[in-house]
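Numbering (this note's numbering), first residue to last: 5 to 384.
Below: one structure, written as structure tokens.
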Amino acid sequence: MNEHILVVEDDDSLRDWIDFELGFDGYRVSQAADGASALAFVDSRPQLDLILLDVQLPGMNGFQICDHIQQLPDMAAVPVIFLTARASLDDKLSGFAAGAVDYLTKPFKMAELKARIQALLRSKERQRSLGRQEEHAQRDKEMAEAAMIQQALMSCSLNGITGVEVFADCRPARTVGGDLYDIYVRPDGRLNVVEADVSGKGMAAAMVTSEVRTVLREVSRMLASPGAVMTLTNARLYDDLSNVNKLVTIFAGFYAPMTRTFVYANAGHSVAVYRPAEGPARILDATGLPLGIFDAADFEELVVRLASDDLLVICSDGFPEASNHAGELYGYDNLLQQIELVHTRPASEIAAALSRAIADFAAGCEQSDDQTIIVIKGKE
């Protein structure tokens with residue numbers, strides 16, 4: 005129980021009786037014998053759950069004390085029961101006007117006082133619970149809006165690009181996450197492809213993700229190669245990433261329709277699989293470290309072809325690190341094998357098949373990491 009009740013009563017024997025009875029029932033009881041003592045106590049901002057307040061007190065009456073309590077923001081919600089021998093309607097109305105929620109006329113039976121205390125405390129707890137529910141509902145609403153905004157900022161626009169089909173999808177482990185993809189046509193006619201994974205989960209990672217996308221977009225407009233984009237992006241993000249103890253892995257590439265080539269730089273983004281039409285599938289090595297480790301870093305650029313039926317699959321680590329109830333990880337070998345099984349399908353079906361394979365492996369086990377995938381497949 006342990007609710008804290010203040011008893012303000014100038015009759016010593018009555019005050020001690022109430023203290024004993026309520027203390028026996030498990031309440032914490034504090035006492036005050038007059039108005040000055042009561043005000044000094046409430047002004048110290050104790051954690052109170054209820055006040056039993058006599059009306060006729062030396063120096064200051066209970067109505068004045070109750071009115072003072074109502075002026076204290078952190079005490080105004082504490083219910084007050086007046087204890088008094090004055091039983092007229094005017095007296096009761098004065099008590100309620102001062103802020104009391106109940107009125108008990110002396111002499112009273114202890115069982116009735118306890119019943120009223122229990123009823124008020126239950127009502128207070130219901131109100132507190134309702135307030136928590138409203139807070140949770142508001143928080144859920146805000147998180148849902150944040151998720152909607154985050155998904156809306158992930159772009160997959162080909163805008164007339166020929167020679168490839170592209171599909172992208174992001175499934176955060178929580179309402180919002182630290183993964184992103186951004187696919188759009190550059191002013192020079194090449195297709196800009198980015199997938200990034202910010203360390204951490206939830207809202208903290210999502211906030212960093214928003215900054216990463218903004219910087220990448222700005223830098224990509226200025227520079228013509230993915231390696232240079234990565235170097236400048238790292239330089240611009242380094243201080244902020246260091247301040248919040250975050251790292252970012254990024255796979256960034258430009259696809260040129262005229263030459264059917266895809267030039268890329270890979271900043272520690274370990275899951276990029278290339279499967280040429282003649283096979284087999286292989287993992288593309290990283291060409292640099294994740295962003296945020298060093299303030300200055302260079303990133304090697306490599307090239308793969310995306311002719312007809314050539315396939316590039318870029319995943320966040322939520323794919324190979326998906327786990328089942330036995331604690332086993334899906335792993336890179338399973339991912340490569342699954343790509344070999346589905347590589348002849350359209351890009352969207354490949355992505356769906358890989359996601360389904362992960363879900364079947366996990367068998368309902370809750371995942372701790374975001375799962376993002378980009379599939380680029382060459383076509384005639």
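Even glycine gets a Cβ: it sits at the ideal position worked out from N, Cα and C.
In this text the structure is predicted, and so the values were computed from the model without any measurement.
Quick check: residue i and residue j, are their CB atoms within less than 7 Å of each other?
i, j, result
"Ala115", "Ser372", "no"
"Val12", "Ala40", "no"
"Leu125", "Glu7", "yes"
"Pro261", "Thr166", "yes"
"Gly322", "Leu251", "no"
"Thr237", "Val219", "yes"
"Asp38", "Pro62", "yes"
"Gly382", "Ala285", "no"
"Arg264", "Arg309", "yes"
"Ala151", "Val180", "yes"
"Leu57", "Phe86", "yes"
"Ile55", "Val33", "no"
"Val233", "Val223", "yes"
"Val379", "Val277", "no"
"Ala89", "Ile69", "no"
"Thr253", "Ala281", "no"
"Gln230", "Tyr268", "First, the amino acid is wrong: residue 230 is Pro here, not Gln. The answer is yes: Cβ separation under 7 Å."
From what residue to what residue does the beta strand (DSSP E) around residue i run?
i, result
"Asn247", "Asn247 -> not in any beta strand (DSSP E); alpha helix (DSSP H) instead, spanning 230-247."
"Ile165", "Here Ile165 belongs to no beta strand (DSSP E), and DSSP marks it neither H nor E."
"Gln375", "375-382"
"Ala36", "32-36"
"Val317", "315-319"
"Asp106", "106-109"
"Ile55", "54-58"
"Ala351", "Ala351 -> not in any beta strand (DSSP E); alpha helix (DSSP H) instead, spanning 351-366."
"Val12", "8-12"
With residue i and residue j assumed to form a contact (beta carbons below 8 Å), what rounded beta-carbon distance in angstroms separates them?
i, j, result
"Leu157", "Arg240", "About 19 Å separates the two Cβ atoms, so there is no contact after all."
"Phe255", "Arg194", "Not quite, the Cβ-Cβ distance comes to about 16 Å (not below 8 Å), so this is no contact."
"Thr291", "Leu306", "6 Å"
"Asp374", "Ser320", "6 Å"
"Asp53", "Val84", "Not quite, the Cβ-Cβ distance comes to about 11 Å (not below 8 Å), so this is no contact."
"Phe339", "Pro324", "The amino acid at residue 339 is misidentified as Phe; the sequence shows Leu. Rounded, the Cβ-Cβ distance is 5 Å, consistent with contact."
"Phe365", "Tyr336", "Incorrect: roughly 13 Å between the Cβ atoms, too far for contact."
Would you list the one or two residues that DSSP bridges to residue i?
i, result
"Ala186", "In the sequence on display, residue 186 carries Asp and not Ala. Answer by DSSP bridge pairing, in chain order: Ser159, Val198."
"Asn270", "Phe255"
"Ser327", "Leu333"
"Leu227", "Per DSSP, none; premise fails for Leu227."
"Gly390", "Only positions 5 to 384 of the chain appear in the structure, and residue 390 is not among them; the question remains open."
"Thr265", "Ala260, Arg309"
"Cys174", "Thr376"
"Arg279", "Leu315"
"Arg286", "Tyr278"
First and last residue of the alpha helix (DSSP H) that includes residue i?
i, result
"Asp20", "16-28"
"Arg310", "Reading off the sequence shown, one finds Leu at residue 310, where the question assumed Arg. Leu310 -> no alpha helix (DSSP H), and no H or E assigned at all."
"Phe86", "First-last for Phe86: 84-88, but that is the beta strand (DSSP E), not the alpha helix (DSSP H)."
"Ile69", "66-74"
"Val180", "Per DSSP, Val180 belongs to no alpha helix (DSSP H) and is neither H nor E."
"Leu43", "39-47"
(message) Taking contact to mean 3 or more Cβ pairs, one atom from each stretch, closer than 8 Å, check whether the segment 291-309 and the segment 344-361 are in contact.
(response) Short answer: they don't touch.
(message) Using a Cβ distance threshold of 8 Å, determine whether the segment 174-190 contacts the segment 198-218, with at least three qualifying pairs required.
(response) Yes: at least three Cβ pairs fall under 8 Å.
(request) Check whether the segment 160-173 touches the segment 243-251, counting contact only when three or more Cβ pairs, one atom from each stretch, lie closer than 8 Å. (result) The segment 160-173, when compared against the segment 243-251, does not touch it at the 8 Å Cβ threshold.
(message) Contact between the segment 47-54 and the segment 143-153 is defined here as three or more beta-carbon pairs at a separation below 8 Å; is this criterion met?
(response) No, the segment 47-54 is not in contact with the segment 143-153.
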